[in-house]
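One structure is given here, and the rest of the page talks about it.
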Amino acid sequence: MTSPLSPGDFLLYNETVRSVLPNGSISIIKFILSQQIVSVYSNGTALVNFTIYVLNGSYYYAIDDIGLVINPMLAEGQVI
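As numbered in the numbering used here, the sequence shown has no gaps in its residue numbers, which increase by one up to the final residue, 77.
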């Protein structure tokens, strides 16, 4: 299987999570997930270096890690 992604490519996701807390208030968390492809494997998975930017109001914080294995075909909108 040929992957549409190559090492060095980036994947960016914008997401908003809304939750209703036990007291009835609504919590909204916005974050951006940035993934840089490190390696692409023949089975359709990839090793990525990722950073999660959590955006709450006027501040943000970042979480960095490496080693998440994903299916790069998801970048083309396929659902597995």
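Even for Gly, the Cβ is constructed at its ideal location relative to N, Cα and C.
None of the values given here were measured: they were computed from a predicted structure.
Could you tell me the boundaries of the beta strand (DSSP E) in which residue i lies?
i, result
"residue 30", "23 to 37"
Can you give the Cα-Cα distance for residue i and residue j, rounded to whole angstroms?
i, j, result
"residue 9", "residue 24", "23 Å"
"residue 7", "residue 26", "23 Å"
"residue 31", "residue 47", "6 Å"
"residue 28", "residue 45", "18 Å"
"residue 37", "residue 12", "25 Å"
"residue 2", "residue 49", "20 Å"
"residue 34", "residue 16", "31 Å"
"residue 73", "residue 52", "The pLDDT assigned to residue 73 is 46, lower than 50, so where the model puts this residue is not dependable; a value taken from the coordinates is nonetheless given after this. The alpha-carbon atoms of residue 73 and residue 52 are separated by roughly 26 Å."
"residue 22", "residue 14", "14 Å"
For residue i, list the residues DSSP reports as bridge partners.
i, result
"residue 8", "32"
"residue 16", "24"
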